[in-house]
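Peer 1:
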Amino acid sequence: MSARDYTRFELAHNQLAAAIALYITNRDRLSAITLAGAADVILSQLVLRSGAPNFTDRMLEKEVEAGRTAITREIFGREINDMLFINQLKHFDDDAQEIIELDVDECALAAILKALANYVHMPEYKRDLVLAFKVWVKQNLDPQRYNIDCNPTWSPPPSAA
Amino acid sequence: MQKLHRTDIARRQLQTAVELFLQGLDRSSVITLAGAASNVLNSLVRRAGKEPFVDYARRVHDHLVGSTPKRQSYSHHIDTKLGVIAHKHLGPKDPNTVELNLEQMAADALARAIADYTTLYGQDEQFIKAYLQWAWLNTDGPAQMEAFKSVPAKLRKK
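Protein chains in written order, with my numbering: chain A, 2 to 162; chain B, 88 to 245.
(1) Please name the residue, chosen from N141/A, E102/A, R9/A, that lies closest to T184/B on a Cα-to-Cα basis.
(2) At the 8 Å Cβ level, is S248/B part of the contact set with chain A, yes or no?
(3) Report the partner residues of K90/B according to the DSSP bridge assignment.
(4) Anything in chain A within Cβ reach of T184/B, meaning under 8 Å, just list it in chain order.
(5) Check for me: the alpha helix (DSSP H) holding R134/B runs from which residue to which?
(6) With distance defined between alpha-carbon atoms, name the residue in M84/A, H92/A, V131/A, F56/A nearest to A109/A.
(7) Could you tell me how far apart the beta carbons of R93/B and V127/B are, in whole angstroms, since I believe they sit closer than 8 Å?
(8) Give the DSSP-derived three-state secondary structure of L114/A in the structure shown.
(9) Under 8 Å, Cβ to Cβ, is there at least one residue of chain B near N91/A?
(10) So I43/A contacts chain B; which residues on that side make the cut at Cβ distance below 7 Å?
(11) Report buried or exposed for M2/A, applying the criterion of at least 16 other Cβ atoms within 10 angstroms of its Cβ.
(12) Report, in whole angstroms, the separation of the C-beta atoms of A116/A and L17/A, which I expect to be a contact under 8 Å.
(13) Looking at the secondary structure, which residues open and close the beta strand (DSSP E) in which T8/A lies?
(14) First and last residue of the beta strand (DSSP E) that includes V152/B?
(15) For the candidate residues P239/B, T103/B, G170/B, Y143/B, whose alpha-carbon lies nearest to that of Y218/B?
(16) Return no unless some Cβ of chain B is closer than 8 Å to the Cβ of I81/A.
(17) Just curious, the alpha helix (DSSP H) that V185/B is in, first and last residue?
(18) Could you say if the segment 39-56 of chain A and the segment 125-143 of chain B meet the contact criterion of at least three C-beta pairs nearer than 8 Å?
(19) Counting only the same chain and skipping the five closest in sequence on each side, list residues whose C-beta sits under 6 Å from that of G38/A.
(20) Please classify T119/B as buried or exposed, where buried requires at least 16 neighbouring CB atoms within 10 angstroms.
(21) Output yes if chain B places a C-beta closer than 8 Å to the C-beta of I101/A; else output no.
(22) Near R30/A, which residues of its chain fall below 7 Å by C-beta distance, leaving aside the five closest residues on each side in sequence?
(23) Helix, strand or coil for L107/B per DSSP?
(24) Along the chain, where does the alpha helix (DSSP H) containing V171/B start, and where does it finish?
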């Protein structure tokens, strides 16, 4: 195969689809974090190019409304990625510890959801991919802990909060 | 919560990258996973007091061009050549399309990661053997070994 032009959306879509496949089959959820994280970097920028705020912007706006001091998109985005261990899985600095502790399942789920939040803002997004993941979520996650119906007004029951 | 050593993180990403590659699945994902594994392995190789792939490449550059590039900038250059950067970064001024040879880049990204992996852990694991067998059959292993005989000793991997 020779070189050809790829749209950035293609590169992001293919990585996100692979991340979802690795996650829902439980084949390798650690790698799902890396792939969803890479896809999301591209998608975040593409959403901005469309003139809309991306997931990081929307989350930061909520944080500021809740009383947090405003910070830049870049700093807040890094905070989110660090929380999901996206950077720690692809970087290993000279002064970093050799052992890290994380909840792989939770980080992979969150990394995919974050990427999907940007993905669905793209006009060329594949509806079937999103639906497949939503069906898996509805059938496999605990409704006491997760918003399995993607209801925007949902909040965890008091017993699970 | 799980405690994971960086070795486990690199191994899992590299193993999945090899499996996706040999099964003919998404090349972009192979490149990203091999790239992430390479970053981790590079540091592990250096911590073990051995020569990582990037330093070997810098020695080759010195032999061919007469200068030794800085490690960080040469590592970034290699990441760019292998398509790793295009898959994990998009700057505000970057174009919406990018020209890539995904098949070649995926094979080469795996080769780099496996070079560092085998420096640390040898060639005995099944996924390593599987990739090396693929490379032997698909990149004319006998011809490469013949060419290797004429490589000066100082240009061979330490």
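Virtual Cβ for every residue (Gly too), placed ideally from N, Cα, C. Just so you know, these numbers come straight off a predicted model, no measurement behind them.
Peer 2: Once the coordinates are examined:
(1) R9/A
(2) The structure shown does not extend to residue 248/B, since chain B spans only 88 to 245, so no value can be given for it.
(3) E102/A
(4) D6, Y7, T8, R9
(5) 114-134
(6) The residue among M84/A, H92/A, V131/A, F56/A with its C-alpha nearest the C-alpha of A109/A is M84/A.
(7) 5 Å
(8) helix
(9) Correcting the residue type first, residue 91/A is Lys in the shown sequence and not Asn. Interface residue, yes.
(10) L177
(11) exposed
(12) With 8 Å as the limit, A116/A and L17/A qualify as a contact, their Cβ atoms being about 5 Å apart.
(13) From DSSP, the beta strand (DSSP E) with T8/A extends over 5-8.
(14) Note, V152/B: premise wrong, no beta strand (DSSP E); alpha helix (DSSP H) at 140-152.
(15) T103/B
(16) no
(17) V185/B -> not in any alpha helix (DSSP H); beta strand (DSSP E) instead, spanning 184-187.
(18) No contact exists between the segment 39-56 of chain A and the segment 125-143 of chain B.
(19) I87, A112
(20) buried
(21) yes
(22) L23, Y24, V105, D106, A109
(23) Of the three classes helix, strand and coil, the one that applies to L107/B here is helix, per DSSP.
(24) 171-175
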